[in-house]
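Notes follow once the structure below has been shown.
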Amino acid sequence: MRAEVKWILSNPEIIDEVFEKFVNNCDIFINREVLRHDYLPERLPHREKTIRRLAETVAPVLKSARCSNAFLYGKTGTGKTAVTKYVLNRLEIKAKQFEASVRICYVNCRLAGTKYRVFSKLCQSLGGHIPFTGLSVGEVFDRLRLCLESVSIIFVVVLDEIDALIKARGDNILYELLRINEMLTDSKVSLVGISNDLRLKEFLDSRVLSSLSEEEIVFKPYDAEELRNILADRAQLAFYDTALTDGALSLCAALAAAEHGDARRALDLLRVAGEVAERYGAEFIEEEHVRDAERHIEHNRTVEALRTLTLHLKLVLLSLFHLGQADVQRGTTGEIYEVYNDLCGELGTGPLTQRRVSTLINELDSLGLLNAKVISRGRYGRTKRIRLEVARPLLKKVFSEDSRVKDLVGYKLKGSSC
DNA sequence: CGTCCACAGGAATGACGGGCGG
DNA sequence: CCGCCCGTCATTCCTGTGGACG
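Per our numbering, the very first residue in the first sequence carries number 486; after that it's consecutive.
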């Protein structure tokens, strides 16, 4: 069964297509770029309502009035960033037409990482120069204020993934940005906050929350049918017309729908499935290629995560590895710390404190390499029950490539009291 | 019903490598 | 070169706590 995407081609087009296939030596892809999640498509299916709402929210900017702050939230891959960029790109174009002095700055807070770097990005987008370190945060903030005071503009600031910054450093940055308007006479700042975490509101001061969510837009997960449409849309641009089977398309949609309706995931699956099919020299992308892609993506992610761990994170994970037997792989903080101490001794490295190891365990948890759950064993105290989430052979293989820890992979536990 | 285990996890502080402007 | 500030990693000290045991 082929995808129902039908193209009617004129004769010269058919010839072109055949030649192009031959030149590119590829029967599958026309353009794989359109399946990357940073690709901004011409249209965003199933987001008409949110596009309208955001557009209505920012529209006053065209009359050089400050628009309401907006707070967008929804899980990953629900189109928040795409919708925002989509609307604001067009806003910028319209603003030029109407000669409204509008500046838009998009900052990804997770990538920026700190308040300093966020402020410095905002300054730079206004033409100010900020060294990447060396100034106090207050100084950078002042420069931002001066930049804004020297001109008369509406400055729309998009803070993507603010949840990452706020959870790490508090809502201080929002407070300062929301208050900057009080210090400005001609220019005005409007904020668009984007959060992946629905519970972010709990972390916010009530004053910050109320001014940030003057306008609140919730992004619901896509269901399987909607994902199908999105994928079909992109597939038209990405693949030759017969290259994608209907089954493969539906499977991508279904798998991503099961995982909280993540369009990003769906697109990744489709792209990798295409690459898998290409590698096999297959004529079409079929369901088995999607299954392959699923394993492939998962595998790559863990290997990459394992590889880039710091020494002590590796040691902690290795301790858990040694603690577990072939089938059961669990331990408590105390048990892990004991083994960890032994491993450090073996290496001649000074061990970190248990307090520190406890946070390392949490870091590994959020990386998905292990699963830690706080439990109480009553009389026998309160601890974390920790399970390894990595296949043992995989961990063994990746760690054996690291010269620092490779000798510890085959380490035998001393006095393993059974 | 209180105790007390084995930690959880917050807060304060410090060491360190780096860059700034003067 | 100095004095200052940055972000990161780590330590120290601390208060908090679910529930089995007595």
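From the three backbone atoms N, C-alpha and C, an ideal C-beta is built for every residue, glycine too.
Just so you know, these numbers come straight off a predicted model, no measurement behind them.
Following the DSSP letters along the chain, one finds D747 in no alpha helix (DSSP H), marked with neither H nor E. Under the three-state reduction of DSSP output, F724 falls in the strand class.
Boundaries of the alpha helix (DSSP H) around V543: E533 to V543.
Straight through space, the alpha carbons of V568 and V642 are spaced by roughly 15 Å. According to the DSSP assignment, Y558 belongs to no alpha helix (DSSP H) but to the beta strand (DSSP E) extending over A555 to G559. The alpha helix (DSSP H) runs lying completely inside the segment 755-796 and spanning 4 residues or more are 772-792, given in chain order. Excluding residues up to 5 positions away in sequence, V894 lie with their Cβ nearer than 7 Å to the Cβ of K881 in the same chain. Short of 8 Å from the beta carbon of V788, and not among the five residues preceding or following it, lie these beta carbons of its own chain, in chain order: L879 and V883. In the assembly as shown, S605 is a buried residue. Its beta-carbon has 16 or more other beta-carbons within 10 Å. Under the 8 Å Cβ criterion, the segment 712-719 counts as touching the segment 522-540, having at least three qualifying pairs. For T670, no beta strand (DSSP E) encloses it, and the DSSP letter there is neither H nor E. Following the DSSP letters along the chain, one finds E701 inside the beta strand (DSSP E) bounded by residues E700 to F704. Look at G835 here: in three-state DSSP terms it is coil, with no helix or strand label. Two segments are said to touch when three or more pairs of C-beta atoms, one from each, lie closer than 8 Å; by this definition the segment 669-683 does not touch the segment 518-528.
In the DSSP assignment, Y601 falls within the alpha helix (DSSP H) that extends over K600 to S610.
Excluding the 5 residues flanking it on each side, F583 has same chain C-beta neighbours closer than 7 Å at L547, in chain order. As summarised for the segment 821-895, the continuous alpha helix (DSSP H) elements at least 4 residues long and confined to that stretch are 839-851 and 877-885, given in chain order. Taken in chain order, the complete beta strand (DSSP E) segments of 3 or more residues contained in the segment 633-660 are 639-645.
Rounded to the nearest angstrom, the gap between the Cα atoms of I639 and L794 is 43 Å. Annotation for Y591: the continuous beta strand (DSSP E) segment containing it runs V587 to N593.
For L873, the closest C-alpha among the options L803, G835, N657 and V824 is that of L803. Rounded to whole angstroms, the separation of the alpha carbons of T817 and E848 is 15 Å.
For R792, the closest alpha carbon among the candidates L898, D718, I615 and R889 is that of R889. Remark: C-beta atoms of V859 and R867 approach each other more closely than 8 Å. Looking from the CA of H807, the closest CA among I536, Y825 and L796 belongs to Y825.
Assignment of T563 by DSSP, reduced to helix, strand and coil, places it in the coil class.
Taking C-beta atoms as the reference points, R588 and L611 count as a pair closer than 8 Å.
Using a Cβ-Cβ distance cut-off of 8 Å, the segment 557-572 and the segment 716-731 are not in contact, since fewer than three pairs of beta carbons, one from each stretch, lie closer than that value. Residue L800 holds the alpha-carbon nearest to the alpha-carbon of L832 among C590, N785, L800 and S735. Sequence-distant partners of E577 (beyond 5 residues in either direction) whose C-beta falls short of 6 Å from its own C-beta, in its chain, are I589. Cα atoms of R684 and H745: separation of roughly 16 Å, rounded to the nearest angstrom. CA-to-CA, the gap between R870 and A790 works out to about 22 Å. When rounded, the separation of the alpha-carbon atoms in L805 and A778 is 29 Å. A distance below 8 Å separates the beta carbons of I513 and G759.
Pairing C552 with S675 gives a Cβ-Cβ distance under 8 Å. For R692, there is no enclosing beta strand (DSSP E); the residue is found in the alpha helix (DSSP H) stretching over S691 to L697.
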